[in-house]
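Undergrad:
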Amino acid sequence: MRSKATLGVAGALLMAGCVGPGGRSAPPAPSSRPVAATPQPSSLPTRPGVVRQPVASAPLPAFAAAVVPGATSAAVAGLTPAIDLATVPLDPAQARAALAAFRISCPSLIRRTDTSGMTIGSDWQAACIEAARTDPAAATSFFQRWFEAVQVGDGRAFATGYYIPEIAGSRRPRAGYVPIYGRPTDLIEVDLGAFSPTWTGKKIRGRVQGMSLIPYFDRTAIEEGALTGRAPILGYAADPVELFFLQVQGSGFIRLDEGGVLRIGYDTQNGRDYTGIGALMKSRGLLGPGQSSMQGIVAWLHAHPDEGRAIMRENKSYVFFRELTGAPQGALGLPVSGGATVAADPKFVPLGAPVLLSMDRTDANGIWIAQDTGGAIKGSNRFDTFWGAGEEARAIAGGMSARGTAFVLLPRGSYARWRAGQAASGGTTPRP
Numbered sequence: 001m002r003s004k005a006t007l008g009v010a011g012a013l014l015m016a017g018c019v020g021p022g023g024r025s026a027p028p029a030p031s032s033r034p035v036a037a038t039p040q041p042s043s044l045p046t047r048p049g050v051v052r053q054p055v056a057s058a059p060l061p062a063f064a065a066a067v068v069p070g071a072t073s074a075a076v077a078g079l080t081p082a083i084d085l086a087t088v089p090l091d092p093a094q095a096r097a098a099l100a101a102f103r104i105s106c107p108s109l110i111r112r113t114d115t116s117g118m119t120i121g122s123d124w125q126a127a128c129i130e131a132a133r134t135d136p137a138a139a140t141s142f143f144q145r146w147f148e149a150v151q152v153g154d155g156r157a158f159a160t161g162y163y164i165p166e167i168a169g170s171r172r173p174r175a176g177y178v179p180i181y182g183r184p185t186d187l188i189e190v191d192l193g194a195f196s197p198t199w200t201g202k203k204i205r206g207r208v209q210g211m212s213l214i215p216y217f218d219r220t221a222i223e224e225g226a227l228t229g230r231a232p233i234l235g236y237a238a239d240p241v242e243l244f245f246l247q248v249q250g251s252g253f254i255r256l257d258e259g260g261v262l263r264i265g266y267d268t269q270n271g272r273d274y275t276g277i278g279a280l281m282k283s284r285g286l287l288g289p290g291q292s293s294m295q296g297i298v299a300w301l302h303a304h305p306d307e308g309r310a311i312m313r314e315n316k317s318y319v320f321f322r323e324l325t326g327a328p329q330g331a332l333g334l335p336v337s338g339g340a341t342v343a344a345d346p347k348f349v350p351l352g353a354p355v356l357l358s359m360d361r362t363d364a365n366g367i368w369i370a371q372d373t374g375g376a377i378k379g380s381n382r383f384d385t386f387w388g389a390g391e392e393a394r395a396i397a398g399g400m401s402a403r404g405t406a407f408v409l410l411p412r413g414s415y416a417r418w419r420a421g422q423a424a425s426g427g428t429t430p431r432p
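Residue 220 in UniProt numbering sits at position 220 of the sequence shown, and the numbers go up by one each step.
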């Protein structure tokens, strides 16, 4: 998916100018939340469709906390002890889905370096051992017993949604179809952290010209043929607008004219910054009432092909794909689950960690597992909820725009260890 594995963001993300929640009761989460499963291509045609109308809920208030301008990690933003999970009514079906996803993430939590600065591998060992032997029916009590909630920064959260789209296409070139490119052979990815600890976690992408590394081709150049002879073509998409949104989502199904389905997922991107075209369209007065969802934006682009092409090209970022087999995977290289996986910024949430969202719409509420990332999902308390594949997933994700409060769930004792470490090192002032 995105690594944006599937990663993508739907309508609310497109509206954003970027790239990517003591003892009170949380709003109830929906009981019909989908559980982990390998999405299958549908037999329905891809179309703008309808937006799922949200059921409103009252999010938990955030805890008072100072805001650290320009914070680059959770450790810098600061942590505040938050609610007691035993006081939060968790939906049993949703908790079971979260437990299943958490089990999958456990090896990575123990093995990987946590770039948020909140945890170390040993923090997760006991909880992961217990997760492996917990009966799914006891998922709610598992999270309540083994985890403590902390608030990162001011805790004020924003969540969008993403899904696995299905679009029409072909293995062979056809009139009006556009290429679906794999990773270019001349695309260079540089890990700047290898040159200086100051740049740890930062990467740039480009191409070599003479003795210099220069920016890679942008969307306009690529669409005008700059990749001829430079990148494999996995297939061809019938609709450039649908391919654009598939790039935003990060993976999808190509329903082939020849019969069958081609499944593709994010491989890399051209290194250019992501621009949310919805924000551009809104600022220019192009979107009327009810058009600000992904579905509304798609409809507008189809109705105004020339102007729409120019607007899409203002997003210079371009995603390259690889052909996939098996279950969809997230940034950890592990299967992701509709209704349980959430994309987050790993500098503010440990990848694989549980997150409790308490938002202003019920379908975004509950425990999610941070198994993915996204180019647009940056900063503390910014999330992208994953809904799987199909028209229902599209209807939910396309209109997802939720605000509220976020709490990261850490194994009990982790906060005390972090706080002691911060005090000893003279780092960010710990909060009581």
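Virtual Cβ for every residue (Gly too), placed ideally from N, Cα, C.
#1: With DSSP run on the structure shown, which of helix, strand or coil describes P215?
#2: Taking 8 angstroms as the cut-off, does the region 159–177 touch the region 381–400 (at least 3 CB pairs, one atom from each stretch)?
#3: Under a three-way DSSP split, which group does L85 fall into?
#4: Sort K378, K316, K347 and R417 by Cα distance to R112 and report the nearest one.
#5: Between the C-alpha atoms of G259 and P173, what's the straight-line distance to the nearest angstrom?
#6: Go through its chain and collect everything with a Cβ distance to K316's Cβ below 6 angstroms, but skip five positions before and after it.
#7: Using beta-carbon positions only, say whether S380 and V208 come within less than 7 angstroms of one another.
#8: Rank E314, D186, G201 and G235 by C-alpha distance to the C-alpha of S116 and give the top, closest one.
#9: Among the residues of its own chain, which have a CB less than 7 angstroms from the CB of F102, if the five just before and after it don't count?
#10: With H, G and I counted as helix, E and B as strand and the rest as coil, what does DSSP make of D257?
#11: Please determine, among A237, P59, H302 and L334, the residue with the shortest C-alpha to C-alpha distance to P107.
#12: Of all the options G210, Q144, G339 and T341, which has the alpha carbon lying nearest to the alpha carbon of L85?
#13: For the putative contact between P61 and T405, defined by C-beta atoms under 8 angstroms, what is the C-beta separation to the nearest angstrom?
#14: Counting along the chain, where does the alpha helix (DSSP H) carrying D123 start and finish?
#15: According to DSSP, is Q329 part of a helix, a strand, or is it coil?
#16: Would you verify that the beta carbon of E166 is, or is not, closer than 7 angstroms to some beta carbon of chain C?
#17: Do the region 302–315 and the region 254–269 make contact, defined as three or more Cβ pairs closer than 8 angstroms?
#18: Should S251 be labelled buried (16 or more other beta-carbon atoms within 10 Å of its own) or exposed?
#19: If I measure Cβ to Cβ from V190 and keep anything under 6 angstroms in the same chain, skipping five residues before and after, which residues do I get?
#20: Just checking my contact of G176 with I254 at CB under 8 angstroms: how many whole Å lie between their CB atoms?
#21: State buried or exposed for G413, treating a residue as buried only when at least 16 other CB atoms are found within 10 Å of its CB.
#22: Within the UniProt domain "Lytic transglycosylase MltA" (166–322), note down every full beta strand (DSSP E) run reaching 3 residues or more, in order along the chain.
#23: Could you check whether the region 74–92 touches the region 318–335, counting it as contact only if at least three pairs of C-beta atoms, one from each stretch, sit closer than 8 angstroms?
#24: Among the residues of its own chain, which have a CB less than 7 angstroms from the CB of H302, if the five just before and after it don't count?
#25: Quick one: measure Cβ to Cβ for V76 and V68, integer angstroms, because I've assumed they're closer than 8 angstroms.
#26: Taking the alpha-carbon positions, what's the Y415 to D239 distance?
#27: Would you mind working out which of G421, T87, P411 and A340 sits nearest F386, comparing C-alpha positions?
#28: Note down, one range per segment and in chain order, each alpha helix (DSSP H) of at least 4 residues found wholly within the region 361–408.
#29: For E148, does the count of other Cβ atoms within 10 angstroms reach 16, so buried, or fall short, so exposed?
#30: Starting from the Cα of M312, find the closest Cα among Q269, A376, G235 and E223 and give me that residue.
#31: Assuming the contact rule is C-beta atoms closer than 8 angstroms, Q269 and P165 should be a hit. Round their C-beta distance to whole Å, please.
#32: Going along the chain, which residues of its own chain have a beta-carbon closer than 6 angstroms to the beta-carbon of A127, five neighbours each way excluded?
#33: Determine the burial state of A56: buried for a count of at least 16 other Cβ atoms within 10 Å of its Cβ, exposed for fewer.
#34: Have a look at G70, P54, A74 and A64 and flag the residue whose alpha-carbon is nearest the alpha-carbon of Q422.
#35: Need the endpoints of the beta strand (DSSP E) that Q151 sits in, please.
#36: For G78, is the beta carbon positioned less than 6 angstroms from some heavy atom of the ligand GDP?
TA: Taking the coordinates as given:
#1: strand
#2: yes
#3: helix
#4: K347
#5: 15 angstroms
#6: D218, R219 and R272
#7: no
#8: G201
#9: A131, P354 and I369
#10: coil
#11: L334
#12: Q144
#13: 7 angstroms
#14: G121 to R133
#15: strand
#16: Absent from the structure is chain C; it holds one protein chain and no more.
#17: no
#18: buried
#19: I204
#20: Between I254 and G176 the Cβ distance is about 15 angstroms, and since that is not below 8 angstroms, they are no contact.
#21: exposed
#22: 166–170, 178–181, 188–191, 203–209, 212–215, 233–237, 251–256 and 261–269
#23: no
#24: V241
#25: 6 angstroms
#26: 49 angstroms
#27: A340
#28: 391–398
#29: buried
#30: E223
#31: The pair is not a contact, with the Cβ atoms about 17 angstroms apart (cut-off 8 angstroms).
#32: W146 and P411
#33: exposed
#34: A74
#35: F147 to V152
#36: In the structure shown, the ligand GDP is absent, as is every other ligand, since no ligand is present at all.
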